[in-house]
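Heads up: the sequence shown is residues 1 to 609, going by full-length UniProt numbering.
Yeah, the Cβ is synthetic: ideal placement off N, Cα and C, and Gly gets one too.
Only a predicted model underlies this, so the values are computations on that prediction, with no experimental measurement involved.
Please read the structure below before turning to the comments.
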Amino acid sequence: MTYEFELPELGNGADEGTFVACHVEPGDVVTEGDLVAEVETDKSVIEVSAPVDGTVTEVVADPGDTVSVGEVVLRFDTDGKDAGDTSADADADDHTPAVTRLETPDEETDANESDSEDVTPAVTRIDEGTESTGPAEASTDTIDGVPASTEVLVIGAGPGGYVAAIRAAQLGLEVTLVEKDAYGGTCLNDGCIPSKALIHGADVAHEATSAEHLGISAEISVDVDRLTDWKDGVVDQLTGGVESLCRAAGVTLVDGHAAFVDDHRARISTDDGEATLSFEYAIVATGSRPIEIPKFEPDGERILDSSDALELADAPDRLLVVGAGYIGMELSTVFAKLGTDVTVVEMFDDVLPMYDDDISRVVRERAVEHGVEFRFGERAANWEPTDDGVLVTTEAEDGTTAELTADAVLVVAGREPAADTVNLEAIGIELDENGCVPTDAQGRTSRDHVFAVGDVAGEPMLAHKASYEGEVAAAAIAGQPAALDHEAMPAAVFTDPEVATVGLTREDAAEMGYNPVVGQMPLQANGRALTVEETDGFVRVVADKATERVLGAQIVAPNASELIGEVALALEADADLSTLAGTVHTHPTLSEAIMEAAADARDESVHTH
Numbered sequence: 001m002t003y004e005f006e007l008p009e010l011g012n013g014a015d016e017g018t019f020v021a022c023h024v025e026p027g028d029v030v031t032e033g034d035l036v037a038e039v040e041t042d043k044s045v046i047e048v049s050a051p052v053d054g055t056v057t058e059v060v061a062d063p064g065d066t067v068s069v070g071e072v073v074l075r076f077d078t079d080g081k082d083a084g085d086t087s088a089d090a091d092a093d094d095h096t097p098a099v100t101r102l103e104t105p106d107e108e109t110d111a112n113e114s115d116s117e118d119v120t121p122a123v124t125r126i127d128e129g130t131e132s133t134g135p136a137e138a139s140t141d142t143i144d145g146v147p148a149s150t151e152v153l154v155i156g157a158g159p160g161g162y163v164a165a166i167r168a169a170q171l172g173l174e175v176t177l178v179e180k181d182a183y184g185g186t187c188l189n190d191g192c193i194p195s196k197a198l199i200h201g202a203d204v205a206h207e208a209t210s211a212e213h214l215g216i217s218a219e220i221s222v223d224v225d226r227l228t229d230w231k232d233g234v235v236d237q238l239t240g241g242v243e244s245l246c247r248a249a250g251v252t253l254v255d256g257h258a259a260f261v262d263d264h265r266a267r268i269s270t271d272d273g274e275a276t277l278s279f280e281y282a283i284v285a286t287g288s289r290p291i292e293i294p295k296f297e298p299d300g301e302r303i304l305d306s307s308d309a310l311e312l313a314d315a316p317d318r319l320l321v322v323g324a325g326y327i328g329m330e331l332s333t334v335f336a337k338l339g340t341d342v343t344v345v346e347m348f349d350d351v352l353p354m355y356d357d358d359i360s361r362v363v364r365e366r367a368v369e370h371g372v373e374f375r376f377g378e379r380a381a382n383w384e385p386t387d388d389g390v391l392v393t394t395e396a397e398d399g400t401t402a403e404l405t406a407d408a409v410l411v412v413a414g415r416e417p418a419a420d421t422v423n424l425e426a427i428g429i430e431l432d433e434n435g436c437v438p439t440d441a442q443g444r445t446s447r448d449h450v451f452a453v454g455d456v457a458g459e460p461m462l463a464h465k466a467s468y469e470g471e472v473a474a475a476a477i478a479g480q481p482a483a484l485d486h487e488a489m490p491a492a493v494f495t496d497p498e499v500a501t502v503g504l505t506r507e508d509a510a511e512m513g514y515n516p517v518v519g520q521m522p523l524q525a526n527g528r529a530l531t532v533e534e535t536d537g538f539v540r541v542v543a544d545k546a547t548e549r550v551l552g553a554q555i556v557a558p559n560a561s562e563l564i565g566e567v568a569l570a571l572e573a574d575a576d577l578s579t580l581a582g583t584v585h586t587h588p589t590l591s592e593a594i595m596e597a598a599a600d601a602r603d604e605s606v607h608t609h
């Protein structure tokens with residue numbers, strides 16, 4: 001039989017609302033009490049649940065429609081029901097009531113207490129002072145500072161999340177940003193910023209004690225605790241700036257953990273309790289976390305991760321670093337410059353295995369000059385505490401083992417997406433083989449109203465890539481034309497010397513069907529490099545031979561992270577070699593090497609042969 005479900009009384013004097021979400025479609029089989037729709041009034045969001053068992057035959061109201069009390073919104077096929085029987089009074093003992101009001105604790109009555117356990121509400125209110133925990137669950141108090149609903153929910157306030165939140169707010173959307181740890185995310189609090197601050201401090205110490213050949217001698221002492229305090233001050237200033245920028249843009253900030261309940265609701269857990277937040281769109285920006293090596297789980301004392309290393313009050317006398325990727329090499333160099341004996345264990349046969357051999361060689365040789373010892377082709381197999389530190393057993397591919405002693409072990413084996421923290425299963429989003437959230441060119445997931453940006457959406461795991469993706473996702477939600485283009489996405493490693501790349505290598509270009517032409521300028525021929533005693537490195541520019549269009553660049557040099565921006569702009573603007581080579585560069589500067597490399601690709605370089 002056909003059952004017509006009319007919108008029941010909404011309470012608080014509301015006689016109509018906006019049909020904001022429908023959770024069923026024709027053909028769905030529902031059980032009495034299942035959530036089927038949501039209606040928003042000017043006071044709250046109303047959750048509508050199925051009043052009977054049956055099969056949905058028609059959804060009468062469309063999301064966005066204004067619906068009035070008594071208006072038919074759904075039709076069901078049922079067994080044993082008379083057509084058109086929508087009376088809330090009929091079979092009162094057996095039928096789900098049309099509306100159950102959720103009162104605050106001091107308003108509960110004996111009637112509530114006696115009846116509430118026996119019925120499932122057809123409509124659950126998410127009101128000030130109460131929250132929904134689902135149609136069949138009891139309500140709890142809402143939390144101050146957590147709104148009942150929002151247009152855009154952003155989960156995670158790292159460089160992807162906070163930028164997405166600010167941009168969405170600038171575009172006129174109502175935005176709620178939920179962060180469970182610290183604003184700014186890993187990059188600002190435990191990665192990019194604090195590590196670069198320590199790198200600066202270590203460089204100052206190293207330069208002060210290594211200039212005797214220039215006639216400059218100094219004896220210094222390094223107070224690592226004070227250096228760390230200064231680093232923390234830099235971080236605090238920037239995190240405060242992020243919060244200030246968000247609030248200035250009109251973003252609602254919530255300190256807590258968010259997890260999806262269903263397509264348009266999230267559970268927000270804070271120190272004060274839990275609340276339910278309804279949303280139209282969501283952006284997942286939960287970032288990444290360090291990969292743990294079996295048997296080497298960080299304890300903050302003997303086994304350290306990168307965050308632990310950035311908080312040390314003293315530089316250890318002996319440090320064993322597991323991993324020679326970009327984090328391992330940055331921190332190895334820092335501690336070596338601060339006077340620590342550093343040994344790096346790496347399974348691959350060189351540092352920075354993601355880069356070409358000539359890049360890795362320059363960084364490795366400079367690290368060796370700073371006293372870093374390398375053990376390639378070995379993995380950390382086990383460790384045990386000793387009276388004054390740790391004893392680590394390593395294992396080579398041929399099965400031979402070695403024992404190494406140190407005060408502490410720094411494990412930096414890479415990072416993995418933190419995609420398992422927000423209950424994506426509740427909204428039907430599956431991860432790919434790398435544990436990342438698959439997205440399209442706008443950051444949209446398999447659920448059209450849910451986006452993912454930054455590390456959680458996959459490689460490259462770069463802060464500026466996350467911010468870029470956050471802006472694109474916000475624009476897409478606001479209905480503006482926007483799409484991701486990673487062709488001109490630069491990357492940098494803050495080793496000594498720095499490494500920066502953008503676009504394609506020669507090999508990449510050939511694989512993509514280009515006939516690549518390459519120009520290179522060694523720093524040994526650059527006047528500025530000679531004056532600052534930084535001649536280890538080069539600038540390499542890759543272009544398409546037929547059109548001379550710039551395709552990419554690789555730079556190993558001081559301030560390579562700054563220099564790469566020029567080539568990134570060239571890629572973005574579809575510039576050719578003549579544009580780079582013909583642009584007058586200030587002399588003497590390291591940037592002249594870019595001009596010379598472009599000229600070399602055209603066989604026109606003056607300062608190379």
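Who does residue i pair with in a DSSP beta bridge?
{"i": "Y281", "result": "V152"}
{"i": "Y3", "result": "F76"}
{"i": "M521", "result": "V539"}
{"i": "L492", "result": "At residue 492 the sequence reads Ala, which differs from the Leu that was named. DSSP lists A500 as partners of A492."}
{"i": "T176", "result": "L153 and T252"}
{"i": "I216", "result": "According to DSSP, which records beta bridges pairwise, I216 is partnered with nothing at all."}
{"i": "I268", "result": "A258 and A275"}
{"i": "Q554", "result": "T501 and R540"}
{"i": "G17", "result": "V67"}
{"i": "T57", "result": "Beta-bridge pairing links T57 to no other residue."}
{"i": "L404", "result": "V392"}
{"i": "A380", "result": "T394"}
{"i": "P386", "result": "What sits at residue 386 in the sequence shown is Thr, not Pro. DSSP, once it has assigned bridges, lists G389 as partnering T386."}
Report yes if the CB atom of residue i is closer than 8 angstroms to the CB atom of residue j, and no otherwise.
{"i": "V242", "j": "Y162", "result": "yes"}
{"i": "I283", "j": "A473", "result": "yes"}
{"i": "R444", "j": "I427", "result": "no"}
{"i": "A463", "j": "G503", "result": "no"}
{"i": "A157", "j": "E179", "result": "yes"}
{"i": "Q520", "j": "F494", "result": "no"}
{"i": "L245", "j": "L153", "result": "no"}
{"i": "L404", "j": "V422", "result": "no"}
{"i": "G273", "j": "V411", "result": "no"}
{"i": "G287", "j": "G435", "result": "no"}
{"i": "L238", "j": "I193", "result": "yes"}
{"i": "D508", "j": "E548", "result": "no"}
{"i": "D34", "j": "V69", "result": "no"}
{"i": "S561", "j": "A488", "result": "no"}
{"i": "L171", "j": "G201", "result": "no"}
Below 7 angstroms CB to CB, which residues in the same chain sit around residue i once its five sequence neighbours on both sides are set aside?
{"i": "V29", "result": "T55"}
{"i": "E117", "result": "With a pLDDT of 37 at E117, under the threshold of 50, the modelled position of this residue cannot be trusted; read the value that follows with caution. So no residue of the chain qualifies."}
{"i": "Y514", "result": "D544 and L551"}
{"i": "K81", "result": "Interpretation of K81 is limited by its pLDDT of 41, a score under 50 that renders its predicted location unreliable; no figure is taken from the coordinates."}
{"i": "T535", "result": "L523, Q524 and A529"}
{"i": "L590", "result": "N526, R528, A529, A557, P558, N559 and L563"}
{"i": "D255", "result": "E179 and T270"}
{"i": "L431", "result": "A419 and V437"}
If residue i and residue j are in contact, beta carbons under 8 angstroms, what's the gap, nearest whole angstrom?
{"i": "L484", "j": "E498", "result": "Rounded, the Cβ-Cβ distance is 26 angstroms, inconsistent with contact."}
{"i": "A466", "j": "A475", "result": "15 angstroms between Cβ atoms; not a contact."}
{"i": "M354", "j": "E378", "result": "About 19 angstroms separates the two Cβ atoms, so there is no contact after all."}
{"i": "D341", "j": "G300", "result": "Not quite, the Cβ-Cβ distance comes to about 21 angstroms (not below 8 angstroms), so this is no contact."}
{"i": "D496", "j": "T333", "result": "5 angstroms"}
{"i": "Y281", "j": "H449", "result": "5 angstroms"}
{"i": "I155", "j": "A285", "result": "6 angstroms"}
{"i": "E596", "j": "T608", "result": "6 angstroms"}
{"i": "A478", "j": "A168", "result": "7 angstroms"}
{"i": "A408", "j": "R302", "result": "6 angstroms"}
In chain order, what residues of the same chain have a beta carbon less than 8 angstroms from the beta carbon of residue i, not counting five sequence neighbours either side?
{"i": "D181", "result": "N189"}
{"i": "A92", "result": "Residue confidence is low: A92 scores 37 on pLDDT, short of 50, so the model does not pin down where it sits. Its coordinate-derived value is still stated next. Cβ within range, chain order: n/a, list empty."}
{"i": "E58", "result": "P26, L74 and R75"}
{"i": "P159", "result": "G184, G185, C187, L188, G454, A463, H464, A466, S467 and G470"}
{"i": "G279", "result": "In the sequence as presented, Gly is not what sits at residue 279; that position holds Phe. S149, T150, E151, V152, L153, T176, H264, R265 and A266, listed in sequence order."}
Starting from the C-beta of residue i, find all residues in its chain whose C-beta is less than 6 angstroms away, skip the five residues before and the five after it, and write them out in chain order.
{"i": "A83", "result": "Low local confidence applies: a pLDDT of 38 at A83 is under 50, so the model's placement there is unreliable, with the coordinate-based value given in what follows. Excluding sequence neighbours, A83 sits near M1 and T2."}
{"i": "A396", "result": "G377 and E378"}
{"i": "D317", "result": "D407"}
At what residue ranges does the segment 282 to 361 contain a whole run of the alpha helix (DSSP H), taking only runs of 4 or more?
306 to 309 and 326 to 337
Taking only runs that begin and end inside the segment 419 to 478, name each unbroken alpha helix (DSSP H) of 4 or more residues, in chain order.
463 to 477
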